[in-house]
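Note sheet for the following structure.
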Amino acid sequence: MKVIRRIEEIRKELKVFRQGRRKIGFVPTMGYLHDGHLALVRKARNDCDIVVVSIFVNPLQFGPAEDFKRYPRDERRDLNILEKENVDVVFIPSAEEMYPEPQLVFVYVEKLSEGMCSTFRPGHFRGVATVVAKLFNIVQPDIAYFGEKDYQQLKIIEKMVRDLNFPIRIVPIKTVREYDGVAMSSRNAYLMSDERKVAPFIYKALSEAESLFQAGEKQAEILKNKVRETLESKSLNPSIKVQYIEIRDAETLEEIDEVNTKAVLAIAAYIGNTRLIDNIILE
Ligand code: PAF
49 MKVIRRIEEI RKELKVFRQG RRKIGFVPTM GYLHDGHLAL VRKARNDCDI VVVSIFVNPL
109 QFGPAEDFKR YPRDERRDLN ILEKENVDVV FIPSAEEMYP EPQLVFVYVE KLSEGMCSTF
169 RPGHFRGVAT VVAKLFNIVQ PDIAYFGEKD YQQLKIIEKM VRDLNFPIRI VPIKTVREYD
229 GVAMSSRNAY LMSDERKVAP FIYKALSEAE SLFQAGEKQA EILKNKVRET LESKSLNPSI
289 KVQYIEIRDA ETLEEIDEVN TKAVLAIAAY IGNTRLIDNI ILE
């Protein structure tokens, strides 16, 4: 496994594989890897000749009051994990390598970057789309893998690839959950033990709304109220502070009142100081 920190070097390394017509799979990450990331890496390993993983905590996608500084980082642990997964190349650029001068060009995917998480994290998706576009230009993969847990991010990247004609196939991967339903996330590391105990209620609330939907309820307001009831139950200690509960068209992310086509039911909520997101597809 090669660990590369410079853009020029990874370009040189991957050029040889590309000339040999080897299929390159790419998994962009911010590190502090968990089984959710590994599902992406394993799919890439299965589909492709060469697997590239990037580890870069991208300052551009964090707001000034967000957790950029305290975002969990453990390079040695990540490299051990990736070595065991037979990854070929790990790209770990510094912020200076990625942004040697003030970035004046940004990728902003209209409409899809409005509402849901962006209401509470202004500028976040502009930062994500911009860094992913840069990484795509650096790695030039054939296929790139993204988790469905960050559903809005996934739809934004898919649209960016279509609209900007990146010759890259985006493969979505199902959310990987802990034994009790909690969606895997690097930010779960922030949860105190009492907070971790209430975290499964997020998926429980989503699953209950899904059962209601399967039983024939199509009204978005009723489904969302069901989720809210569970999350805001007085018996939860510590409490879960809902940021949003939304039901949107699964492709366009437009708000819908009635679920007649494939839809996403998405949640963002705080448990203590930790912001967690999760979603479920209704179809
Ligand atoms: O999902 C993430 O970890 C990040 O948003 C990504 C796609 C690696 C871009 O920094």
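Heads up: the sequence shown at position 71 corresponds to 119 in my numbering, and the numbers run straight through without jumps. We treat Cβ as the ideally placed atom computed from N, Cα and C, and that holds for glycine.
Coil, strand or helix - residue i by DSSP
{"i": "residue 200", "result": "helix"}
{"i": "residue 294", "result": "strand"}
{"i": "residue 102", "result": "strand"}
{"i": "residue 227", "result": "coil"}
{"i": "residue 167", "result": "helix"}
{"i": "residue 289", "result": "strand"}
{"i": "residue 87", "result": "helix"}
{"i": "residue 304", "result": "coil"}
{"i": "residue 238", "result": "helix"}
{"i": "residue 140", "result": "coil"}
{"i": "residue 272", "result": "helix"}
{"i": "residue 113", "result": "coil"}
{"i": "residue 219", "result": "strand"}
{"i": "residue 321", "result": "coil"}
{"i": "residue 312", "result": "strand"}
{"i": "residue 263", "result": "coil"}
{"i": "residue 183", "result": "helix"}
{"i": "residue 193", "result": "strand"}
{"i": "residue 159", "result": "coil"}
{"i": "residue 75", "result": "strand"}
{"i": "residue 330", "result": "strand"}
Residue j beta carbon less than 8 Å from that of residue i
{"i": "residue 109", "j": "residue 165", "result": "no"}
{"i": "residue 121", "j": "residue 105", "result": "yes"}
{"i": "residue 313", "j": "residue 328", "result": "yes"}
{"i": "residue 142", "j": "residue 235", "result": "no"}
{"i": "residue 32", "j": "residue 177", "result": "Coverage of the chain is limited to positions 49 through 331, which leaves residue 32 absent and any answer about it impossible."}
{"i": "residue 261", "j": "residue 189", "result": "no"}
{"i": "residue 111", "j": "residue 66", "result": "no"}
{"i": "residue 295", "j": "residue 263", "result": "no"}
{"i": "residue 302", "j": "residue 266", "result": "no"}
{"i": "residue 222", "j": "residue 256", "result": "no"}
{"i": "residue 224", "j": "residue 83", "result": "yes"}
{"i": "residue 192", "j": "residue 216", "result": "yes"}
{"i": "residue 322", "j": "residue 243", "result": "yes"}
{"i": "residue 58", "j": "residue 98", "result": "no"}
{"i": "residue 304", "j": "residue 272", "result": "no"}
C-alpha gap between residue i and residue j, whole angstroms
{"i": "residue 70", "j": "residue 253", "result": "44 Å"}
{"i": "residue 284", "j": "residue 90", "result": "37 Å"}
{"i": "residue 290", "j": "residue 315", "result": "8 Å"}
{"i": "residue 210", "j": "residue 161", "result": "15 Å"}
{"i": "residue 128", "j": "residue 49", "result": "10 Å"}
{"i": "residue 259", "j": "residue 276", "result": "15 Å"}
{"i": "residue 134", "j": "residue 219", "result": "20 Å"}
{"i": "residue 237", "j": "residue 288", "result": "17 Å"}
{"i": "residue 163", "j": "residue 61", "result": "40 Å"}
{"i": "residue 309", "j": "residue 230", "result": "26 Å"}
{"i": "residue 68", "j": "residue 226", "result": "40 Å"}
{"i": "residue 251", "j": "residue 330", "result": "14 Å"}
With 16 other Cβ atoms within 10 Å as the buried cut-off, status of residue i
{"i": "residue 102", "result": "buried"}
{"i": "residue 212", "result": "exposed"}
{"i": "residue 341", "result": "For residue 341 there is no data in the structure shown, the boundaries of the chain being 49 and 331."}
{"i": "residue 207", "result": "buried"}
{"i": "residue 56", "result": "exposed"}
{"i": "residue 286", "result": "exposed"}
{"i": "residue 137", "result": "buried"}
{"i": "residue 126", "result": "buried"}
{"i": "residue 311", "result": "buried"}
{"i": "residue 233", "result": "buried"}
{"i": "residue 76", "result": "buried"}
{"i": "residue 63", "result": "exposed"}
From the options, residue whose alpha carbon lies closest to that of residue i
{"i": "residue 179", "options": "162, 147, 74", "result": "147"}
{"i": "residue 130", "options": "308, 191, 87", "result": "87"}
{"i": "residue 318", "options": "269, 239, 260", "result": "239"}
{"i": "residue 124", "options": "295, 80, 230, 296", "result": "80"}
{"i": "residue 153", "options": "250, 175, 138", "result": "175"}
{"i": "residue 140", "options": "149, 187, 98", "result": "187"}
{"i": "residue 228", "options": "116, 237, 249", "result": "249"}
{"i": "residue 194", "options": "85, 244, 322, 158", "result": "85"}
{"i": "residue 171", "options": "320, 184, 300, 107", "result": "107"}
{"i": "residue 203", "options": "278, 279, 297", "result": "297"}
{"i": "residue 184", "options": "158, 159, 214", "result": "214"}
{"i": "residue 93", "options": "68, 132, 78", "result": "132"}
{"i": "residue 241", "options": "198, 205, 320", "result": "320"}
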